[in-house]
Amino acid sequence: AWPAFGWFALKYMKVGYMHKFYVDDYPQASLGIMAFSAVLSVLVDAFTDPKMAVWTDTLRSRYGRRRPFVFASAFFAPSVFVLAWTPALVGPGVGASLWY
313 AWPAFGWFAL KYMKVGYMHK FYVDDYPQAS LGIMAFSAVL SVLVDAFTDP
363 KMAVWTDTLR SRYGRRRPFV FASAFFAPSV FVLAWTPALV GPGVGASLWY
């Protein structure tokens, strides 16, 4: 339950504040493209989650099943976190919509 608390706190910040930044305060992102990308990401997630679950459940390594993924994400997650909270230096339109 506690890991989900952190995940939903970040999700609330993204939806609550980044949406306001890109659409309300500085109207530079297209709502249509943002909605399409949100639906597309959920559909991609629906197909990749079962495949990732099978991969992590059947992985056999000397470090265990989950630790290699945790170690790999330790290098990947900070860069994604910084990029997610840094506004892009793109103009209005498609670039700003895709960055969101």
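Take any residue in the sequence shown, note its place counting from 1, add 312, and you have its number in our numbering.
Glycine included, every Cβ here is placed at the ideal spot set by N, Cα and C.
Values in this document were obtained by computation on a predicted structure and should not be read as measured data.
Neighbourhood of residue i by C-beta distance below 7 Å, restricted to the same chain and skipping five residues each side
| i | result |
| --- | --- |
| Phe381 | Thr368 |
Environment of residue i [buried if 16+ CB atoms lie within 10 Å]
| i | result |
| --- | --- |
| Ser353 | exposed |
| Ser385 | exposed |
| Ser373 | exposed |
| Ser391 | exposed |
Same chain, Cβ closer than 6 Å to residue i, five either side skipped, listed in chain order
| i | result |
| --- | --- |
| Leu371 | Arg377 |
| Val356 | none |
| Thr398 | none |
(message) My parser needs the alpha helix (DSSP H) runs of 4 or more residues fully inside the stretch 359 to 400; what are they?
(response) Segments of the alpha helix (DSSP H) lying fully in the stretch 359 to 400: 379 to 396.
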